[in-house]
Each structure stands twice: as structure tokens, then as C-alpha cells.
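Since the structure comes first, as C-alpha cells, the remarks are kept for the end.
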Amino acid sequence: MLVRFCAAAFVSILTISAAQAQVRAPSRLPDPRTEFVRQCAPRMLGRWEHPEEVCGCLHDHAAAAVEDRDLREALLRGISETGVPTIETDWVPASKQSEIGPTFTKIAKPTLQCMFDPAKQ
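Read in order, the letters of the sequence shown correspond to residues -21 to -1, 1 to 100 in mature numbering (1 follows the signal peptide of the UniProt record, and there is no 0).
Here you go:
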């Protein structure tokens, strides 16, 4: 009898624990900027005194200056993977590959400001 009672209590506790686990709020996904800085900062270590500031600044300028989604995503991917603004031609559709050069021209000055004087941004 005692064994049945203990088994029933154990099953009840497991059921209650499972129900509480289902009630918990789902964890929120990080925002794109935070995730970008998390991926970018390790590439900047040793290059810059404040890698998180440099990465955040680069993200903000790329997001603001590059209107085209494909080019912006390719640029952010290049920065997060290499630590410098980079766009591989296979990262953008063939129809937009001619826009890679003008995209770099558009972000050149802000990029230099981010890398060499992020505090003034």
C-alpha cells in the first residue's frame, strides 16, 4: 500500500512539473543588432579597443545606408564573418551584383569613422 501511495505521489509531482514547464514563457530571440554584435566582436578583438562599439556602429550604418535587403544582409554577413566590410558575389542575386561597388562607396566614410572614431558616432 505504501509503495502505491509513493508511486502515485511521484507521478503527481512529475505531472505538476511538466505542466509548469509548459506554462513558462518562451524565451525571446535576440534582436538582429545584438546577434550581429555577438558574432562580429570576436573578429574585432585585438584590432580595436572597443570591438562591441565598432560592430554596433558598423551595423547601424549598414542598416541605415543600404536600402536593398539582399545587399544589406550580404554586407552584414561579410562584416560578421571577417571583421571588415565584405560582400561575396555569390551572396547576392546576379541581378544585384553590379550594385556591390556603389554599396561600398556609400558606406566607406561611415565605416572609417566607426573603425577609427566610434565614440563620435
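We treat Cβ as the ideally placed atom computed from N, Cα and C, and that holds for glycine.
Please name the residue in R22, K88, R48 whose C-alpha comes closest to that of V63.
Ranking the options by Cα distance to V63, first place goes to R22.
Would you mind sorting F15 into buried or exposed? The rule is 16 or more other CB atoms within 10 Å of its CB.
It is buried - the Cβ of F15 has at least 16 other Cβ atoms within 10 Å.
Determine the closest residue to E78 out of G57, E46, E60, M94, with distance taken between C-alpha atoms.
E46
Measuring only the C-alpha atoms, how far is Q92 from K75?
27 Å
Out of G25, L50, E32, point me to the one whose CA is closest to R17's CA.
E32
To which residues of the same chain is W70 closer than 7 Å at the C-beta, ignoring the five residues directly before and after it?
A53, R56
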